[in-house]
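Notes follow once the structure below has been shown.
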Amino acid sequence: MKRADLMQNIAILGASGYTGAELIRLIAVHPSMRIAALAANSKAGQSMAEVFPHLRHLDLPGLVTIDEIDFSGIDLCFCALPHATSQEVIAGLPKDLRIVDLSADFRLRDPEAYAKWYGNPHAALECQAEAVYGLTEFYRDDIRAARLVAGTGCNAATGQYALRPLIAGGLIDLDEIIIDLKTGVSGAGRSLKENLLHAELSEGAAAYGVGGTHRHLAEFDQEFSAIAGRPVKVQFTPHLLPANRGILATVYVKGDPRKVHGALHGAYAEETFLEVLPFGQVPSTRHIRGSNFCHIGVTGDRIEGRAIVIAALDNLTKGSSGQALQNANLMLGLDETAGLMAPPVFP
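Note that the UniProt record's numbering has the sequence shown beginning at 1, numbered continuously upward.
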């Protein structure tokens with residue numbers, strides 16, 4: 001019997017966070033995966049119904065500490081823990097265990113870059129060296145063969161879907177790229193923060209990580225420079241919106257708008273989850289909410305030789321947990337789209 005015909009036993013570490021809950025929501029309808037273990041050290045001993053009442057209809061194992069899990073019967077583990085914590089935990093897991101990490105700990109190939117952007121030396125260099133970057137559509141073959149896959153940043157994924165084919169095709173000025181991005185509040189995680197209180201966040205919008213300080217810039221630097229074969233630095237400013245889900249990135253480039261549209265359409269024509277809209281149409285976060293789809297639109301500008309590329313995806317799904325499940329499907333030899341074809345939630 002082929003492995004793809006077997007039910008795969010899945011563990012989720014960090015199951016009490018938003019990305020952990022999103023993984024459970026997606027895997028609950030997966031035809032070949034069974035959730036065998038759920039860990040959340042701070043809420044160990046509780047049921048998922050207590051932590052996330054919207055999941056109470058599911059027959060799920062109780063929450064335990066990571067140390068209580070017997071990994072000998074686990075086929076793949078999702079690690080949805082904070083950065084720094086994730087690397088320490090993963091370094092202690094069985095060396096033959098397939099892992100999809102949703103934190104930032106293994107995204108950067110250069111340990112010095114990690115130390116620069118995250119403020120501390122990497123504590124699991126052996127694991128970092130074997131990690132494959134998890135932007136599925138561009139690292140598919142590497143992901144299939146990987147033991148450890150590093151999920152991308154949600155902002156970083158959105159910007160890359162808008163730009164990678166354009167950089168590879170030499171269609172835009174590499175020194176004139178601006179990414180203006182808006183993101184929902186769930187991207188900040190579930191822990192309590194004053195600026196995320198309803199009274200502090202609602203009815204307003206604010207930029208953050210201004211002036212080249214946002215950590216996802218490290219992924220843009222790494223990936224875009226590798227494609228171009230020379231250093232590429234983009235201007236990137238994210239904005240926090242009073243919305244639960246969604247990312248909308250407006251990317252300004254110098255290049256022929258029709259050629260830009262043609263390159264994106266050609267690059268993604270066979271990709272299930274990447275939809276390039278007809279020229280002149282632009283996407284909305286309303287139309288990808290709760291799904292693993294990314295919509296991309298291209299239009300011209302009143303200034304000749306300028307193009308505007310707009311990409312929308314759900315930060316918790318295509319930007320994180322959906323991407324993680326897409327990668328896990330590849331790692332386990334399953335249909336890449338399994339558990340991910342539910343349409344967006346609207347309105």
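Every residue, glycine too, gets a C-beta built ideally from N, C-alpha and C.
Taking 6 Å as the limit between beta carbons, can you name the residues of its chain near residue i, skipping five residues before and five after?
| i | result |
| --- | --- |
| Q128 | F106, H122 |
| H216 | G153, N155, A156 |
| I178 | Q235, Y252 |
| S47 | G62 |
| G209 | P238 |
| Q87 | D105, A123, A124 |
Smallest Cα separation from residue i: which of the options?
| i | options | result |
| --- | --- | --- |
| H54 | K95, A40, I35, A28 | A28 |
| A80 | A124, Y18, V64, G62 | Y18 |
| residue 365 | Q235, I227, V64 | As displayed, the chain neither begins before 1 nor continues past 347, which places residue 365 out of reach and without an answer. |
| R34 | Q46, F52, L58, A44 | L58 |
| residue 357 | L240, F220, F346 | Lying outside 1 to 347, the shown extent of the chain, residue 357 is not represented and no answer is given. |
| I143 | N327, V51, G151 | N327 |
| G305 | P344, E176, R140, Q222 | E176 |
| A249 | F138, G151, L181, R25 | L181 |
| A188 | R56, D141, R245 | R245 |
| Q8 | L26, T183, D75 | D75 |
| I69 | A49, A84, L97 | L97 |
| V149 | I227, I90, T299, S191 | I90 |
| T85 | D110, T213, N41, A307 | N41 |
| E130 | H83, G119, D110 | D110 |
| S191 | G184, P82, L332, L6 | P82 |
| F220 | G184, L196, L240, L174 | L174 |
| T183 | F138, T158, A168, G169 | T158 |
| G119 | F138, G211, A218 | A218 |
| L240 | A207, G170, Q160, I227 | A207 |
How is the alpha helix (DSSP H) around residue i delimited, first residue to last?
| i | result |
| --- | --- |
| Y114 | 111–118 |
| H261 | 257–268 |
| V89 | 85–91 |
| E126 | 125–130 |
| V232 | Where V232 is concerned, there is no enclosing alpha helix (DSSP H), given that its DSSP letter is neither H nor E. |
| N327 | 322–331 |
| Q160 | 154–168 |
| A44 | Segment: none, A44 is in no alpha helix (DSSP H) and carries neither H nor E. |
| L201 | 198–201 |
| I143 | 140–144 |
Which residues in the same chain as residue i place their Cβ atom closer than 8 Å to its Cβ, once the five residues preceding and following it in sequence are excluded?
| i | result |
| --- | --- |
| L93 | F71, C77, I99 |
| L166 | I172, V253, G255, V260, A263, L264, V309 |
| H30 | L325, A338, G339 |
| residue 353 | As displayed, the chain neither begins before 1 nor continues past 347, which places residue 353 out of reach and without an answer. |
| P343 | S291 |
| S320 | T19, E22, L102, G151, C154 |
Any C-beta of chain B sitting closer than 8 Å to the C-beta of residue i?
| i | result |
| --- | --- |
| Y118 | Structure shown: chain B not included; a single protein chain is present. |
Identify the continuous beta strand (DSSP E) that holds residue i and give its terminal residues.
| i | result |
| --- | --- |
| F224 | Element bounds for F224: not the beta strand (DSSP E) but the alpha helix (DSSP H), 217–228. |
| I310 | 306–313 |
| G212 | No beta strand (DSSP E) contains G212, which DSSP labels as neither H nor E. |
| V276 | 274–276 |
| Y208 | Element bounds for Y208: n/a, residue is neither H nor E. |
| G297 | 294–300 |
| M33 | 33–39 |
| Y18 | Here Y18 belongs to no beta strand (DSSP E); instead the alpha helix (DSSP H) covers 18–27. |
How many Å lie between residue i and residue j at the Cα?
| i | j | result |
| --- | --- | --- |
| G280 | L201 | 32 Å |
| R164 | A205 | 28 Å |
| E194 | I247 | 22 Å |
| D67 | N315 | 30 Å |
| A146 | A11 | 18 Å |
| I303 | P257 | 11 Å |
| L38 | W117 | 30 Å |
| L125 | G266 | 38 Å |
| Y114 | L13 | 22 Å |
| D301 | L313 | 23 Å |
| H198 | G45 | 29 Å |
| Q222 | E112 | 12 Å |
| L108 | V132 | 10 Å |
| Y268 | T136 | 12 Å |
| R56 | T213 | 40 Å |
| A49 | E270 | 39 Å |
| P278 | A307 | 14 Å |
| G170 | L332 | 35 Å |
Tell me which residues share the same chain as residue i and place their Cβ nearer than 7 Å to its Cβ, disregarding the 5 neighbours each side in the sequence.
| i | result |
| --- | --- |
| T317 | E22, G290, S291, N292 |
| K43 | S16, V51, L63 |
| R140 | L330 |
| G322 | L26, N292, L340 |
| A162 | A249, V251, I296, V309, A311 |
| S225 | P231, V232 |
| S186 | Y18, N244, R245, N315, L316 |
| E336 | Q326, N329, L330 |
| S284 | A312 |
| L6 | none |
Would you say the beta carbon of residue i is closer than 7 Å to some non-hydrogen atom of the ligand SAH?
| i | result |
| --- | --- |
| Q87 | Inclusion of the ligand SAH in the displayed structure is not the case, the ligand content being empty and no account of it being possible. |
So, do the segment 291–304 and the segment 269–276 have three or more beta carbon pairs nearer to each other than 8 Å?
yes
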